[in-house]
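Residue numbers for the sequence shown follow my numbering, beginning at 7 and rising by one.
Backbone N, C-alpha and C define an ideal beta-carbon position, used for all residues, glycine too.
Worksheet: the structure to be examined is printed underneath.
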Amino acid sequence: MSTSPEQYAVALRQPEQLLSMALSPLPPDADWPAAAQWLAAWLPAASLADTAAENDRGAMQQLGSAVLQATAGLLHGAGIPLPAAGRVVDCQPGAAGWQLELAFAWPDELDTAPLLQAVQSSLHWLQLILRRQPLGDALPAFYQQLTRQLLPVLLPHAIAAPSMMALLDAATAAGIPWRHEGNAMFRLGWGGQGREFFTSRSDGDSPIGIHAAGNKLQGSRLLRQAGLPTARQLAVHEAQQAEAAARQLGWPLVVKPHNRDRGEGVSTGIDNPAALQQALRHAGQYGWPVLLEQQAPGVCHRILVVRGEVIYVVQRLPVAVCGDGVHSVAALIHAANLQQLALPPWQRQPPLLGDAVAQQCLAQQGLSLQAVPAAGQWAALRWIESSADGGRDVDMGECIHPDNRRLALRAAALFGLELAGVDMISSDISQPWWQNGAIVNEVNAAPALGASLSSLRSMPRLMSLLWPQQGRIALEIFVGGDAALAAARQRRSELAVQGIACHLATAGHAETPDGQPLPLVGDTLYQRCAALLCRREVAGLLLVVSAEQWPQAVWPADRADRVQFCP
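Okay, here's the thing in structure tokens:
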């Protein structure tokens with residue numbers, strides 16, 4: 007009998023998609039520096055040697071590594087995350103070149119068509135660059151091909167919105183296992199340590215709270231009933247009611263749809279009837295009723311609350327350009343847009359505009375498109391931050407007053423939300439809300455994650471709050487026949503003394519922690535293991551596999567705490 011060391015994570019083989027391709031030999035002068043530079047330009051985390059391999063086999067393996075990384079990067083940008091890094095399985099000479107076999111960890115419940123398309127695109131560009139066929143910088147042509155051809159084909163297969171991608175990236179970095187359950191739902195963690203997510207909504211969020219937060223009128227009503235500060239607000243069902251509502255509330259006003267987020271349809275600073283009618287038309291595109299609010303003084307601050315803890319605070323300012331004392335606002339806009347074009351399409355912010363709205367905003371700041379802002383002076387191009395136009399965030403985590411922090415926690419708790427983006431409008435977040443007239447503008451049930459530097463920095467803390475044990479339960483494997491089953495049952499008794507109730511599974515049956523048979527749909531050890539890892543009552547899992555099956559076994563888990571061989 008032999009056992010792996012205690013507390014040693016034994017890597018397990020997980021399901022893979024194998025792709026085999028016949029390739030022509032690379033030329034002896036293949037341009038590896040250009041290939042490495044091209045890959046690093048749009049995928050900074052990539053690692054590719056910029057020198058030629060010692061022989062043809064090494065060159066093909068090097069090409070395979072580049073294809074694996076480029077494919078994963080393309081899929082990630084299209085909202086298709088891979089559970090683990092791929093690998094070069096084999097590389098053999100063939101009749102007309104080389105036969106290269108690659109293995110990709112592929113999400114469950116997803117068609118492989120996007121994988122094939124991403125591999126083909128990656129291989130196409132790498133071979134062009136290595137063979138020195140594109141003249142000059144290949145990046146602009148590559149981005150153009152992505153925008154016009156590849157992404158329109160990949161994006162319909164996306165399974166993760168940007169917030170979900172940020173969550174999965176952070177989980178991977180923290181060693182938290184995850185699995186796609188279908189329809190953009192993910193399970194992060196195993197058994198009793200597992201959590202289910204859809205975008206940034208967790209299984210710990212109240213469905214009623216999500217419903218209330220999605221309706222601005224109802225959300226504001228709940229806040230007011232709980233004695234929390236919120237804007238004075240009236241709903242109008244037609245434009246003719248708006249002027250009477252405006253007189254009742256008083257100028258200036260905010261006009262917005264009752265059931266939209268991300269700043270859609272919102273107009274601020276409305277201070278006359280003509281502007282009000284225009285704002286109503288803008289908001290009315292998204293349906294009626296339309297909400298009129300008395301505008302609170304100050305700017306919006308996003309406070310992210312996770313499990314009763316504030317993990318970041320940012321001031322959300324409208325999109326702007328920063329002056330350098332040399333260039334005009336128009337030139338700064340042009341330069342900023344060129345910088346965005348140098349990024350892969352999925353990393354780009356909305357283009358900056360010098361349109362009529364921007365010119366009105368500039369005029370209020372004493373600027374114009376031709377003006378030259380002083381060095382360090384921000385020239386805002388919109389009235390508010392929004393997803394459609396972009397914005398900029400300023401970290402205010404060290405500045406927020408304790409009373410404002412407590413207010414955000416109470417608002418999140420009121421809606422029963424485990425993750426909540428509380429938007430507070432304040433003229434000075436370092437002053438208590440009751441002193442300067444600050445309000446809770448709204449509570450968001452699906453806050454954007456990873457959208458700012460502050461948010462990215464907060465992700466490790468978010469992981470530790472939601473998955474304090476890396477989302478893992480005790481998982482041990484016993485290899486052999488009757489002796490292995492007996493050893494697993496003995497181990498179950500030992501762990502029970504430690505307070506860990508373990509389920510047990512073999513290829514033929516499953517057992518509860520007290521040894522009773524547990525009927526499950528599925529007739530393989532893989533299926534039983536996957537089913538038990540989904541169950542919240544499972545605190546530990548002991549798996550028994552025959553010696554014949556062990557070398558070829560594929561698991562729905564990436565590692566085990568221990569493997570014990572029982573001859």
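- In terms of Cα proximity to leucine 310, the closest of Ala381, Arg207, Pro357, Leu549 is Arg207.
- When Ser334, Gly195, Ala545, Thr57 are compared, the shortest CA-CA separation from glycine 505 is found for Ala545.
- A distance of 8 Å or more separates the beta carbons of glutamate 391 and glycine 382.
- The beta carbons of leucine 344 and alanine 364 sit no closer together than 8 Å.
- Excluding sequence positions up to five before and after alanine 46, its CB lies within less than 7 Å of the CB of Ala52, all in the same chain and listed in chain order.
- Two segments are said to touch when three or more pairs of C-beta atoms, one from each, lie closer than 8 Å; by this definition the stretch 82-91 touches the stretch 113-123.
- With contacts defined as CB atoms closer than 8 Å, aspartate 567 and glutamate 482 qualify as a contacting pair.
- Taking a 10 Å sphere around the C-beta of asparagine 221, we find fewer than 16 other C-beta atoms and assign the residue as exposed.
- Across the structure, arginine 266 and proline 34 are spaced so that their CA atoms are roughly 58 Å apart.
- Less than 8 Å divides the Cβ of leucine 524 from the Cβ of alanine 516.
- For alanine 109, there is no enclosing alpha helix (DSSP H); the residue is part of the beta strand (DSSP E) that begins and ends at 104-111.
- Per the coordinates, the alpha-carbon of isoleucine 479 lies some 22 Å from the alpha-carbon of glycine 528.
- Beta-bridge annotation (DSSP): valine 320 is paired with Arg308, Asp401.
- Under the DSSP assignment, aspartate 409 falls in the alpha helix (DSSP H) whose first and last residues are 408-420.
- The C-beta distance from valine 335 to valine 327 rounds to 6 Å, short enough to fall under 8 Å.
- At a Cβ-Cβ threshold of 8 Å, alanine 147 and threonine 77 do not count as neighbours.
- Relative to the Cα of valine 95, the nearest Cα in the group Trp104, Gly103, Gln105, Ala109 belongs to Ala109.
- Rounded to the nearest angstrom, the gap between the Cα atoms of leucine 282 and alanine 237 is 18 Å.
- When DSSP assignments are scanned along the stretch 265-308, the uninterrupted stretches of beta strand (DSSP E) that are 3 or more residues long and fall wholly within it turn out to be 273-276, 296-300.
- The Cβ neighbour count for isoleucine 317, taken over all protein chains shown within 10 Å, is at least 16; the residue is labelled buried.
- In this chain, the alpha helix (DSSP H) harbouring tryptophan 44 covers 38-48.
- Of the candidates Asp143, Ser169, Asp434, Arg416, Arg416 places its Cα closest to the Cα of valine 428.
- Going by DSSP, glutamate 22 is part of the beta strand (DSSP E) stretching over 22-29.
- Assignment of alpha helix (DSSP H) within the stretch 436-496, counting only whole runs of 4 or more residues, yields 439-442, 459-472 in chain order.
- When C-beta atoms of the stretch 226-233 are compared with those of the stretch 422-438, fewer than three pairs fall below 8 Å, so the two segments do not count as touching.
- Just so you know, the alpha carbons of arginine 308 and asparagine 450 end up roughly 10 Å apart.
- The DSSP-derived three-state label of proline 523 is strand.
- For glycine 79, no beta strand (DSSP E) encloses it; the enclosing alpha helix (DSSP H) starts and ends at 62-83.
- Rounded to the nearest whole angstrom, the CA to CA distance from leucine 420 to cysteine 306 is 20 Å.
- For serine 432, the enclosing beta strand (DSSP E) stretches over residues 425-432.
- Per the Cβ contact rule, the stretch 247-266 is in contact with the stretch 285-296 (3 or more Cβ pairs under 8 Å).
- Annotation for alanine 414: Ile309, Val311, Val316, Val428, Met430 place their beta carbon closer than 7 Å to its own, counting only its chain and skipping 5 residues before and after.
- Around leucine 132, the same chain offers Ala41, Leu69, Ala72, Val73, Ala76 as residues with beta carbons nearer than 7 Å, after the five sequence neighbours per side are excluded.
- Here DSSP, grouped into helix, strand and coil, assigns aspartate 175 to helix.
- The closest CA to that of proline 474, considering only Leu510, Gly195, Arg93, is found on Gly195.
- For alanine 553, no beta strand (DSSP E) encloses it, and the DSSP letter there is neither H nor E.
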